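Chains A and B, in that order, give the protein sequences. First residue of the first sequence? That's 234 in the working numbering, and the numbers climb one at a time after it. First residue of the second sequence? That's 53 in the working numbering, and the numbers climb one at a time after it. For each residue, glycine too, the CB sits at the ideal point set by N, CA and C. Just so you know, these numbers come straight off a predicted model, no measurement behind them.
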Amino acid sequence: MSIKSIDPRITRENLSEEPDQNPIKELNHWQTYEVFHQTKKGDHHIHVGSLHAPNAEMALILAKEQYARRYECVNIWVVKSANIFSSDYDDEDIFETTPEKMYREAGGYKVMEKINKYKKERKGV
Amino acid sequence: MYGGGYIFEESKNGKSEAEDTEKLERFESKIAAGEKIEPSDWMPAEYRKQLIRMIEQHAHSEIIGALPEGTWITRAPGFRRKLALMAKVQDEVGHAQLLYSAAETLGKPREDMINDLITGKSKYSNVFNYPAVTWADTAIIAWLIDAGAIINQVANSKGSYGPYCRALERICVEESFHLKYGHDNVVFLATGTPKQREMVQEALIRWWPPIMHFFGPSDKISVHTETLMRWKVKMASNDDMRQKFLDMYVPKIWELGLTIPDPLLKKNETTGQWVYTEPDWQEFKKVINGDGPCNKERLAVRRNAEEKGEWVRRALQRKDERYTVPLA
Ligand SMILES: [Fe+2]
Ligand SMILES: [Fe+2]
Numbered sequence: 234m235s236i237k238s239i240d241p242r243i244t245r246e247n248l249s250e251e252p253d254q255n256p257i258k259e260l261n262h263w264q265t266y267e268v269f270h271q272t273k274k275g276d277h278h279i280h281v282g283s284l285h286a287p288n289a290e291m292a293l294i295l296a297k298e299q300y301a302r303r304y305e306c307v308n309i310w311v312v313k314s315a316n317i318f319s320s321d322y323d324d325e326d327i328f329e330t331t332p333e334k335m336y337r338e339a340g341g342y343k344v345m346e347k348i349n350k351y352k353k354e355r356k357g358v
Numbered sequence: 053m054y055g056g057g058y059i060f061e062e063s064k065n066g067k068s069e070a071e072d073t074e075k076l077e078r079f080e081s082k083i084a085a086g087e088k089i090e091p092s093d094w095m096p097a098e099y100r101k102q103l104i105r106m107i108e109q110h111a112h113s114e115i116i117g118a119l120p121e122g123t124w125i126t127r128a129p130g131f132r133r134k135l136a137l138m139a140k141v142q143d144e145v146g147h148a149q150l151l152y153s154a155a156e157t158l159g160k161p162r163e164d165m166i167n168d169l170i171t172g173k174s175k176y177s178n179v180f181n182y183p184a185v186t187w188a189d190t191a192i193i194a195w196l197i198d199a200g201a202i203i204n205q206v207a208n209s210k211g212s213y214g215p216y217c218r219a220l221e222r223i224c225v226e227e228s229f230h231l232k233y234g235h236d237n238v239v240f241l242a243t244g245t246p247k248q249r250e251m252v253q254e255a256l257i258r259w260w261p262p263i264m265h266f267f268g269p270s271d272k273i274s275v276h277t278e279t280l281m282r283w284k285v286k287m288a289s290n291d292d293m294r295q296k297f298l299d300m301y302v303p304k305i306w307e308l309g310l311t312i313p314d315p316l317l318k319k320n321e322t323t324g325q326w327v328y329t330e331p332d333w334q335e336f337k338k339v340i341n342g343d344g345p346c347n348k349e350r351l352a353v354r355r356n357a358e359e360k361g362e363w364v365r366r367a368l369q370r371k372d373e374r375y376t377v378p379l380a
């Protein structure tokens with residue numbers, strides 16, 4: 234039996250009702266790329282998601298369709314997912330640090346008090 | 053589009069496997085604190101399984117959901133409507149892509165998901181097993197089915213799995229265009245000629261039962277999902293979402309003077325809850341298990357697209373490539 238549809242284009246295809254036993258093989262939908270987006274010239278590119286593509290050129294075309302259909306986008310990067318190395322959430326403690334790190338912050342250096350004290354003492358001379 | 057009435061499997065209280073209690077505790081406390089779970093984090097096997105199942109069903113629903121409306125692109129009344137409908141259908145297919153990627157991060161390759169869809173092993177939202185008989189049906193779908201989808205997707209976007217939440221945030225922005233477009237389309241017909249009014253009224257009558265089925269079986273008869281709720285996989289009960297939908301949209305349907313085919317439908321002002329005729333859950337079961345008006349057609353069309361595109365995909369495939377799970 235072939236499919237009868239209210240859409241004549243589907244009926245004309247003579248589609249079989251039975252599921253075929255010919256599964257899609259691995260990688261038939263290609264490998265994965267990660268997509269990065271720049272919304273304004275001068276901004277950083279940010280990660281927006283991933284997609285499947287056979288090569289970098291196709292990945293760019295598909296990234297435009299998938300992630301830049303609306304809203305501003307001026308530039309796209311694509312990177313093979315396999316080429317991204319990331320730290321592990323299990324190692325979050327690598328970002329832990331000594332609680333007192335004022336020595337490497339601008340706010341850790343206050344000199345006005347000393348200057349004022351010095352000026353006052355000099356006037357006294 | 054989409055997203056309601058996911059079919060979950062009976063959960064074996066979440067601790068079925070001999071899993072590390074310490075890891076489980078940490079996992080649960082992260083979720084309780086509102087933190088997101090990322091693909092490389094430890095997670096219970098049951099969490100992974102149910103999430104794959106849910107995100108995959110959601111992806112299939114987007115891609116199958118594009119079919120009843122897609123049929124009408126060539127016959128859309130006028131250029132502006134045609135442009136909008138093409139945009140909406142493209143969005144839906146794009147939603148499927150985002151969701152397949154999110155499901156892949158949990159370890160199921162895309163090819164396996166598509167195989168499970170086209171062989172009839174995986175489910176998708178039941179509403180798409182019904183035909184869009186007239187142009188007015190597409191208006192009702194774009195307004196009310198997408199409205200239901202938004203309620204579900206907004207809830208799910210606050211769930212615990214990072215990649216799914218991020219995909220949903222993108223999706224929800226586009227869904228609001230679908231909803232506005234659908235409402236505009238319904239209002240146009242409902243305030244138009246007597247023939248147009250009749251068309252939209254008939255479409256509403258056809259679509260009301262599937263709409264009531266959309267959020268899935270009543271909590272009284274659906275499988276228990278306490279663990280899935282605690283893990284923020286399922287974010288609201290089916291009945292709660294249905295109530296929310298009725299509360300938001302019944303008044304908007306009535307203000308257009310349209311009749312909803314349920315004589316019992318009314319809001320109980322003291323409880324704030326909507327009263328309605330219990331949807332026919334036998335019919336729901338029958339259709340979701342393959343015996344609806346369009347199940348065979350939907351899968352055949354999807355299979356056909358997959359087969360026709362196969363040589364192109366193969367021609368571009370490179371022998372030395374290896375699959376990598378998407379990152380996030
Ligand atoms: Fe969608
Ligand atoms: Fe939609």
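Boundaries of the beta strand (DSSP E) in which residue i is found, first to last residue
| i | result |
| --- | --- |
| His-285 (chain A) | 279 to 286 |
| Thr-265 (chain A) | 264 to 271 |
Residue i, DSSP secondary structure in three states
| i | result |
| --- | --- |
| Glu-321 (chain B) | coil |
| Ile-5 (chain B) | Any property of residue 5 (chain B) remains undetermined from this structure, which presents chain B solely from 53 to 380. |
| Gly-55 (chain B) | At Gly-55 (chain B), the pLDDT of 49 sits below 50, so the modelled position is not reliable and the matter cannot be decided from this model. |
| Tyr-411 (chain B) | Here chain B covers residues 53 to 380 and nothing more, so residue 411 (chain B) does not appear. |
| Ile-197 (chain B) | helix |
| Leu-158 (chain B) | coil |
| Lys-371 (chain B) | coil |
| Ser-68 (chain B) | No answer about Ser-68 (chain B) holds up, because its pLDDT of 49 lies below 50 and its placement is not dependable. |
| Gly-357 (chain A) | helix |
| Phe-267 (chain B) | coil |
| Asp-292 (chain B) | helix |
| Ile-243 (chain A) | helix |
| Gly-361 (chain B) | helix |
| Ala-128 (chain B) | coil |
| Asn-341 (chain B) | coil |
| Pro-96 (chain B) | coil |
| Ala-184 (chain B) | coil |
| Arg-303 (chain A) | coil |
| Pro-262 (chain B) | helix |
| Asn-349 (chain A) | helix |
Beta-carbon spacing of residue i, residue j below 8 Å
| i | j | result |
| --- | --- | --- |
| Thr-353 (chain B) | Ile-243 (chain A) | According to the sequence displayed, residue 353 (chain B) carries Val and not Thr. A contact, by the Cβ cut-off of 8 Å. |
| Met-293 (chain B) | Ile-192 (chain B) | no |
| His-270 (chain A) | Ile-309 (chain A) | yes |
| Glu-307 (chain B) | Ala-194 (chain B) | no |
| Val-311 (chain A) | Ala-289 (chain A) | yes |
| Ser-113 (chain B) | Tyr-213 (chain B) | no |
| His-278 (chain A) | Gln-264 (chain A) | no |
| Ser-283 (chain A) | Leu-379 (chain B) | yes |
| Leu-103 (chain B) | Val-285 (chain B) | yes |
| His-230 (chain B) | Lys-140 (chain B) | yes |
Option in the options with minimal Cα separation from residue i
| i | options | result |
| --- | --- | --- |
| Ile-115 (chain B) | B:Asp-93, B:Glu-80, B:Ala-128 and B:Phe-180 | B:Phe-180 |
| Asn-247 (chain A) | A:Asn-261, A:Tyr-336 and A:Ser-238 | A:Ser-238 |
| Trp-259 (chain B) | B:Pro-183, B:Arg-100, B:Lys-296 and B:Gly-122 | B:Pro-183 |
| Asp-321 (chain A) | B:Lys-140, B:Asp-189 and B:Ile-89 | B:Ile-89 |
| Ala-188 (chain B) | B:Glu-321, B:Val-141, B:Thr-277 and B:Glu-254 | B:Glu-254 |
| His-110 (chain B) | B:Met-165, B:Arg-370, B:Asn-341 and B:Phe-336 | B:Met-165 |
| Val-185 (chain B) | B:Ala-207, B:Ile-257 and B:Gly-234 | B:Ile-257 |
| Tyr-328 (chain B) | B:Met-281, B:Met-264, B:Val-285 and B:Gly-344 | B:Met-264 |
| Asp-323 (chain A) | B:Phe-79, B:Val-252 and B:Lys-101 | B:Phe-79 |
| Glu-373 (chain B) | A:Leu-260, A:Pro-252, A:Ser-249 and A:Met-291 | A:Leu-260 |
| Asn-316 (chain A) | A:Asp-240, A:Glu-251, A:Glu-250 and A:Tyr-266 | A:Tyr-266 |
| Tyr-375 (chain B) | B:Lys-75, B:Phe-131 and B:Glu-156 | B:Glu-156 |
| Phe-266 (chain B) | B:Ile-170, B:Arg-282, B:Ser-209 and B:Val-339 | B:Val-339 |
| Thr-123 (chain B) | B:Arg-366, B:Ser-289, B:Gln-142 and B:His-235 | B:Gln-142 |
| Lys-348 (chain B) | B:Phe-297, B:Leu-76, B:Val-145 and B:Ile-170 | B:Ile-170 |
| Ala-85 (chain B) | B:Lys-210, B:Leu-351, B:Tyr-233 and B:Asn-178 | B:Lys-210 |
Terminal residues of the alpha helix (DSSP H) in which residue i lies
| i | result |
| --- | --- |
| Trp-187 (chain B) | 187 to 192 |
| Ile-198 (chain A) | Nothing about residue 198 (chain A) can be reported from this structure: the residues present for chain A run from 234 to 358 only. |
| Met-165 (chain B) | 162 to 170 |
| Leu-379 (chain B) | Leu-379 (chain B) -> no alpha helix (DSSP H), and no H or E assigned at all. |
| Val-344 (chain A) | Counting along the chain, Val-344 (chain A) falls outside any alpha helix (DSSP H), and DSSP gives it neither H nor E. |
| Phe-79 (chain B) | 73 to 84 |
| Arg-282 (chain B) | 278 to 282 |
| Tyr-322 (chain A) | No alpha helix (DSSP H) holds Tyr-322 (chain A); DSSP gives it neither H nor E. |
| Glu-298 (chain A) | 289 to 300 |
DSSP bridge partner residues for residue i (one or two, in chain order)
| i | result |
| --- | --- |
| Asn-308 (chain A) | A:Gln-271 |
| Trp-326 (chain B) | B:Lys-319 |
| Lys-313 (chain A) | A:Tyr-266 |
| Ser-249 (chain A) | A:Ser-235 |
| Ile-89 (chain B) | B:Tyr-213 |
Test: residue i CB closer than 8 Å to a CB of chain D
| i | result |
| --- | --- |
| Ile-116 (chain B) | Considering every chain present, this structure includes no chain D. Its protein chains are A and B. |
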